[in-house]
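Q: One structure, as structure tokens, below. Some questions next.
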Amino acid sequence: MWKTGFFLLAVTLLIVTAASAIPTDSDKVAKLVGVAECVDCRTNDFKGILLAVVCKSETNEEDFKEVAFGEFGRDGKLSVQLPTTLVDRQCYAHVRSVSKNNPCPTLRHPDNFTLSLSSNDQSVYVLGTDAGKVPFSRAACVQKTFWNGYHINCPDHPWFKYLPYCKKRDHREHHKKPSPCKPPPVHKEPPPCKPPPVHKEPPPCKPPVYKKPPPYMPPAYKAPPPY
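Mind the numbering: the sequence shown is residues -21 to -1, 1 to 206 in mature numbering (1 follows the signal peptide of the UniProt record, and there is no 0), read in order.
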């Protein structure tokens, strides 16, 4: 377990309400406090690791907005100002790399990072994640910093929708109609073979008829004329 090379980010959110003599909603101040713990680093340097708070929009339930960003110090501590109105909204803790648009890959389902109200009194609200600790790979997180705009299939969860490089997932791709089967080949009868040649007997040869030649008649001698 200790050799897997993951960070454990323990996030505890404290929302402290400070009021004046006559408190109003505008006077309330909230503070987010987080602590990160690295189990595979030579030195615990968390500089550049960010935590984003993403909440569901009050007007559109399918729309999520970033309400706050905070950066962990080298000692792993985090402190960010938050509006106290987040107590009644559905919010998530989201670990990012140096670039605010690049999330660090995690090992748990996004629902484990939902911020839920765990205690409540007149002045202090304590918020914490259900899992308590958020494991992520720092090596993969650093590589995300050099992301070059390619699109990937992000997890199917609403707070991934606003990230610019997340490819829109089409659920119909899992239910594509199968391509129609090719019709079976039609068997064609081969053309009939030519009949073998019929051997015909040649006509009988007729022997030649011998005819007797006419008798030889020597030419008649004529004397030459006198000189």
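In this text, a Cβ means the ideal position worked out from N, Cα and C, and glycines have one as well.
Taking its Cβ as the centre, do 16 or more other Cβ atoms sit within 10 Å of Phe51, making it buried, or is it exposed?
A: Flag for Phe51 reads buried.
Q: Buried or exposed: where does Cys70 fall if 16 or more other Cβ atoms within 10 Å of its Cβ makes it buried?
A: Counting Cβ neighbours within 10 Å, Cys70 comes out buried, since at least 16 surround it.
Q: Relative to the alpha-carbon of Lys35, which residue among Ala47, Arg75 and Gly27 has its alpha-carbon at the smallest distance?
A: Out of Ala47, Arg75 and Gly27, Ala47 has the C-alpha closest to the C-alpha of Lys35.
Q: Name, in chain order, the residues that DSSP records as bridge partners for Cys34.
A: Bridge partners of Cys34: Lys44 and Cys70.
Q: Quickly, what does DSSP pair Gly49 with across the bridge? List them, please.
A: Answer by DSSP bridge pairing, in chain order: Leu30.
Q: What separation, rounded to the nearest whole angstrom, lies between the Cα atoms of Asn39 and Val32?
A: The straight-line gap from Cα to Cα measures roughly 17 Å.
Q: Tell me which residues share the same chain as Arg68 and place their Cβ nearer than 8 Å to its Cβ, disregarding the 5 neighbours each side in the sequence.
A: These residues qualify, in order along the chain: Cys34, Lys35 and Glu37.
Q: Please report the straight-line C-alpha distance between Pro197 and Pro204, rounded to a whole angstrom.
A: Cα-Cα distance, rounded: 21 Å.
Q: Count the other CB atoms within 10 Å of the CB of Thr202; is the residue buried (16 or more) or exposed (fewer)?
A: The sequence as given places Ala at residue 202; Thr does not occur at that position. So Ala202 counts as exposed.
Q: Going by other Cβ atoms of all chains shown within 10 Å of its Cβ, with 16 needed for buried, is residue 211 buried or exposed?
A: Since the displayed the chain opens at -21 and closes at 206, residue 211 lies outside it and no answer follows.
Q: Using DSSP with H/G/I as helix, E/B as strand and the rest coil, what is Ile1?
A: Because the pLDDT at Ile1 is just 34, under 50, the model does not fix this residue reliably, and the value given afterwards should be weighed accordingly. In the structure shown, Ile1 sits in coil (DSSP, three-state: anything other than H, G, I, E or B).
Q: Do you know offhand how far Cys160's Cα is from His166's?
A: Each residue's Cα considered, the two are about 18 Å apart.
Q: Exposed or buried, what is Arg53 when buried is set at 16 or more other beta-carbons lying within 10 Å of its beta-carbon?
A: Arg53 comes out exposed.
Q: At the level of alpha carbons, what is the spacing between Lys185 and Lys179?
A: Rounded to whole angstroms, Lys185 to Lys179 spans 18 Å at the Cα level.
Q: Looking at Leu65 and Gly49, is the spacing between their C-beta atoms short of 9 Å?
A: Against a cut-off of 9 Å, the Cβ pair of Leu65 and Gly49 comes out as no contact.
Q: Who are the Cβ neighbours of Asp100 in its own chain at under 7 Å, not counting the five residues just before and after it?
A: In this prediction, Asp100 scores a pLDDT of 48, lower than 50, which makes its location untrustworthy; no coordinate-derived value is stated.
Q: Which residues in the same chain as Pro163 place their Cβ atom closer than 7 Å to its Cβ, once the five residues preceding and following it in sequence are excluded?
A: Closer than 7 Å at the Cβ level, and outside the excluded window around Pro163, lies no residue.
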